[in-house]
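Note sheet for the following structure.
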Amino acid sequence: MTTHDLSRGGGAPGGGFSSDGATGEGSSSGGSSGRRPAGGGFNGGLDVFPGGERRGSIRFVLVIALALIAAAAGLLFLGRPDAEPYVLGLLAVLGMIGVFSLLATATGILRFAGGAEANPMFRRVLDDAFDGIVVTDANGRVVYANPAYCQLVDATDLSDVRPVERVFIGDPDVSEAVYRLLKAAREGRRLQEEVRVAGVPGEPARWLQMRVRPLGRAGADARLTVWTVADVSRERERQENVFQELQHAIDYLDHAPAGFFSIDGGGAVGYINATLAEWLDYDLAEVGSGGLQLEDIVPANGAALLTASASHPGEVKTDVVDLDLKTRSGKSLPVRLYHKVAFGADGVPGASRTLVLNRARSEGTDPQRAAEVRFMRFFINTPMSIATVDRAGRIARTNGLLAKLFQDLAPGDGRPEGRSILDVVAERDRLALETAIAKAARGQGDIPPVEAALAGAGERWARFWATAVEEEGDQEAAIVYALETTEQRALQKQVDQAQKMDSVGKLAGGIAHDFNNVLSAIMMATDFLLNAHRPTDPSFQDIMQIKQNANRAAALVRQLLAFSRRQTLRPQVLDLSEALSDISMLLRRLIGEKVALDVRHGRDLWPVKADLSQFEQVIVNLAVNARDAMPDGGRLTLRTRNAGEDETRRAAHKGMPPGEYVLIEVSDTGSGIPPEIIDRIFEPFFSTKEVGKGTGLGLSTVYGIIKQTGGYVFVESEIGRGTTFRIYLPRHVPTLEETEAAAASLAPAQAATPEQARAADHTGQGTILLVEDEEGLRGLNARGLTSRGYTVCEAGNGQEALELIDAGQKVDLVVSDVVMPEMDGPTLLKELRKRDPDLKIIFVSGYAEEAFAKNLPEGGQFAFLAKPFTLKQLVAAVKETMGG
C-alpha cells in the first residue's frame, strides 16, 4: 500500500490480489451485487453470505420437483381413466401442504433457510464488536464484515470492503505477517500476528493485532475463515511507558550511592547494582549473565550470618549485619548490610533484598567511626568463634564463625542469637562450660579453658574460654571464645601413636637382639652335638628337637625385628603380578576350600624394589587373617594397579606424600574390625584371637616390612561387610648401573667347572680375630672356626681387639659383633681401616644391616652375617670373605 492509514486509497492501483487471484472489484461484487447495509451506511455491517443460506432451499425445491416428475412418469403408464383418481389425490395433497405451509410461515412456526436472518443476538454481538471482523470464503472473497472492520479500512460501500491481504499489500513488513496468516488460513490453523503500520506524515504509527481462525471444524463452516483486526496502539503505548519508567527506576537503583544485591535460596546472586559491582571490581555485564555465587562476594563466615536467617512461614525479616565483602582481586571491603528476606507459606526463604552501605569511606574523616569499623572487622573475621552470652548461656551477639558452627552442629530456626551456646557442646561436657560461664558472670578472672566434645555426629572437639564483661546488665554477662581442636587432637593422636609404636619397636628390637645372641649359642651348641652324635644315638632326636624349637624361636625373633624395622632385607626389583601368581597356589591351600580367591592384576604394573620373601610373608599374613575372619566362607580378593601422583594426592592418606606407587589391595568379606580397636591392630602382641591361636605379630610384621621397604599400609573396615588393606609400594626407577646389570644377566651363562661342581669345602687356613661381648657365644664360634682349620684370636669388645692389633698380632680376617660395650663395631672398623686399609671384616648382628650402615665411613667395605646363624653359615661366610 502506498499509504498506511488504512484509508480507501490504499491498495495497489487497478485492484490487487486475493487468495484466488481475482481483482478487488471482482471479488467484492461477485455474488453480492445489490446487497446494502441495513439501515443505511455500514451500521449493520455487510451481510454477504450468498451461498451458505440458499443451499438448503434449493435442495428442498429440487427434491419436490423430482418427486413430482417421478409421479407424473408413473401416471403415464396408466390409462387416463385409471390415472384420474390418482391425479386428483396428488393435487389435493399438494394443496393441503401448500395451505399449511402458508399458515406456518405466517405465524412464524416455519422458516425457510434461503430467506431467514441469522440469530439476532449473534448478529448484534458481531456488529457491535470493538475489533474488526471479516469473514472470507475459500477463494478469499469477503462474505461478512462488521462496522469496525469497515471503519478500519474506510469502506463506504460494498465494493470498498477488501480482504486483509489486499489492505496491506504495499507494506513489505506487514505483508510478511499477512503471508503467514494466509498460510495458516489455508491449513485450517489459528495464528496471531502483531504488526506496526506507519501512518501518513504527521500522524503516529499504529499497532494492529491480527488473528485468523477457521469458522468451524467441518462442513461448509470449515471453508470460511474469520479474520480479526484490533488496534492495540494504546496498549502498546502503555507498555512502552511502563518499560521506560522501569528503565528509569533501574537506572536510579544502579547508580544510587548505596549497593544493592539479591540472592536466592540456593546462594546464587540474582541481581547486583552497578554501584556495588564497581566497589567489588566486577563487570556488570558479566554479573548479569549469571554464575556469581554468594561465596564469591561474601567470605564463608559472613555468608553463614546471612544464610542462617530463618523465621516463621509468611514472615518478612530484616537483619542488620556488619561484615567484610570480598572483591574480585581478593581485597576486603567493610560494609553494613540490611538483609531483608521474605519467607513463603512453607517456610522456605525467597530471594533477598539487601542494602549495602560502604563503611570504608568515612574511616579517614571520623575517628570514632573508624574505630568501630576496625572493631567489627576484628569481631567478624577473627579465626575464633566469639559470642556474648547472658548468665544462662543464651547468645546475645555472635560472629560468623560461631554462626557456621551452629549450622553444622545444632541446626535450628534462625540465627544463634537467643539460643544457648551449650547446644553446640556434647551433653557430657556441658556442665564444665556452664560452670565457666557462671564464673565469668560473677566477674571472676583467670578461668581455665574448657576442652569439650562438640555435639552432632562424628568426633569433633573445641576449646572454650570464658571471660567477664565489665558492663552492668544481664543481657551480656560473659564473652565466650571457641577454637575447634579436632585436627590438633587427631594430629596429637597420630604423634602419640607413632611414638608408642616407635617405643615398642625399640623394645622389640632390643629384646630380639638379646634373643638372637641366646639363640645363636643354642644353635651353635646343637650343631656341635649333632656332629658328635650319630642318628642312631638315643639323644640324637632330642638334639634335633632342640634345634627345631630354636629355629621356631628365630622365626618369632625375625617377626619382632620386622616390626621394629631392624631386620635384614635383600631387596630386588619385582614384578608384583608375577610375585602374586607364584604364591597363588600356596594361598589357596592356606585359606581352604570355603574361601574363594580372586586375583586381579593391573595392566603394565610399574616395578618395585622389595625383598621377595618378605613381601610374600606380608601377603600370607594378610590372607591368614582374612581366612580367620571368614569362618563360614567368603571371598578373598587381591588387586594390583598403578596409583599416580594425582590419585595419591586426592586420596590424601595421612603421612603418605603424593607420588607414584603400585597399589596392592587385599579385601575380604569377613566380619570386619571394630572401630574401637582398628587403631591398635598393628601393635605387636595385640590380637583378638583366642589364647593359643595367634601370636599377635602377624599385622605388626606386615607393618614393619612395608615401612622398611619404604611403603605405606592403610586399612578400612566395616562391621559385617569386610576389611580392605591397601599397601602402597613406591615405584622403582632403575638406575644406569641396574640397567647394565640386567642386560649382563641376559648373557648366556658359562658352564660350571668340575671344581665348582664339587661340594663346597668349608675348611681353610688363616688367623681370625673374633670380637664378641657374649663370652659363651664367642667361645662356641671360636670352637667352630678352630675345628675348620682356622687360628682364632678372641676379644670381648672393640678396645680389646685394637690392643691385640697394636701388640703386633697379625690377622687375616676380623669377625665382629656390632653392638658392644666401650667400642661398637662401626667404631672398630674406622680404627682398623686406619691401621690396615685392606683388612677384611665380617659384621654379625641381630639387627638389620641398614640399621648401622649409616654410621660407617663412606665407602667402607665389609661383609654381613645376620644372627642367629648356624656353624655352617659362619664358616661359609668366612670362607667366601677370605677368598678361599
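Residue 65 is where the sequence shown starts when you use our numbering, and the numbers rise one by one after that.
Glycine is no exception: its CB is placed at the ideal position from the N, C-alpha and C atoms.
Residues of its chain near residue i, where Cβ-Cβ distance is below 6 angstroms and the 5 sequence neighbours each way are ignored
i: Leu-356; result: Val-333
i: Lys-503; result: Ile-511
i: Glu-782; result: Gly-736
i: Arg-703; result: Arg-664, Glu-729
i: Val-878; result: Leu-833, Ile-905
i: Leu-583; result: Ala-614, Ala-617, Ala-618, Pro-932
Simplified DSSP assignment, three categories, for residue i
i: Ser-603; result: coil
i: Tyr-792; result: strand
i: Ile-745; result: coil
i: Phe-907; result: strand
i: Ile-314; result: helix
i: Ala-337; result: One point to set straight first is that residue 337 is Asn, not Ala, in the sequence displayed. In the structure shown, Asn-337 sits in coil (DSSP, three-state: anything other than H, G, I, E or B).
i: Gly-848; result: helix
i: Lys-673; result: strand
i: Gln-814; result: The predicted model places Gln-814 with a pLDDT of 44, which falls under 50 and marks its position as unreliable; any figure quoted below should be read in that light. Coil.
i: Thr-787; result: strand
i: Phe-470; result: helix
i: Tyr-725; result: strand
i: Ile-233; result: coil
i: Pro-932; result: coil
i: Val-856; result: strand
i: Arg-461; result: strand
i: Tyr-346; result: coil
i: Gln-873; result: coil
i: Asn-107; result: Interpretation of Asn-107 is limited by its pLDDT of 46, a score under 50 that renders its predicted location unreliable; no figure is taken from the coordinates.
Continuous beta strand (DSSP E) stretch holding residue i: start and end
i: Gln-636; result: 636–638
i: Thr-382; result: 380–390
i: Gln-937; result: First-last for Gln-937: 935–945, but that is the alpha helix (DSSP H), not the beta strand (DSSP E).
i: Thr-701; result: 698–707
i: Gln-863; result: First-last for Gln-863: 862–870, but that is the alpha helix (DSSP H), not the beta strand (DSSP E).
i: Asp-295; result: 289–295
i: Phe-324; result: 323–327
Status (buried if at least 16 other CB within 10 Å, exposed otherwise) for residue i
i: Asp-606; result: exposed
i: Gln-678; result: buried
i: Pro-236; result: exposed
i: Gln-772; result: buried
i: Ala-249; result: buried
i: His-796; result: buried
i: Leu-938; result: buried
i: Arg-298; result: exposed
i: Glu-819; result: In this predicted model, Glu-819 has a pLDDT of only 45, less than 50, meaning its place in the structure is not dependable enough to derive any value.
i: Asp-191; result: buried
i: Phe-194; result: exposed
i: Met-649; result: exposed
i: Lys-247; result: exposed
i: Pro-480; result: buried
i: Met-588; result: buried
i: Gly-482; result: exposed
i: Ser-97; result: Because Ser-97 sits at a pLDDT of 35, beneath the cut-off of 50, its placement in the model cannot be relied upon, and the point is left open.
Proximal residues to residue i (C-beta, below 7 angstroms), its chain only, five neighbours per side dropped
i: Glu-836; result: Arg-842, Asn-845, Asp-881
i: Thr-733; result: Met-694, Gly-698, Arg-699, Gly-786
i: Thr-391; result: Leu-344, Asp-345, Leu-397
i: Gly-366; result: Leu-387, Asp-388, Ile-444, Gly-464
i: Val-238; result: Phe-232, Val-259, Val-261
Boundaries of the alpha helix (DSSP H) in which residue i is found, first to last residue
i: Pro-211; result: 211–217
i: Phe-679; result: 676–692
i: Lys-718; result: Where Lys-718 is concerned, there is no enclosing alpha helix (DSSP H), given that its DSSP letter is neither H nor E.
i: Ile-485; result: Unbroken run through Ile-485: none, as it is neither H nor E.
i: Met-649; result: 648–655
i: Phe-528; result: Premise fails: Phe-528 lies in the beta strand (DSSP E), 525–532, not in any alpha helix (DSSP H).
i: Ile-501; result: 494–505
i: Ile-361; result: 358–361
i: Phe-407; result: It is not in any alpha helix (DSSP H) - Phe-407 carries neither H nor E in the DSSP assignment.
i: Thr-891; result: 889–899
Other residues of its chain near residue i: CB distance less than 8 angstroms, five sequence neighbours each side excluded
i: Ala-320; result: Asn-337, Thr-339
i: Glu-944; result: Ala-927
i: Asn-51; result: The chain is shown from 65 up to 948; residue 51 falls before or after that span and cannot be answered.
i: Gln-508; result: Ala-532
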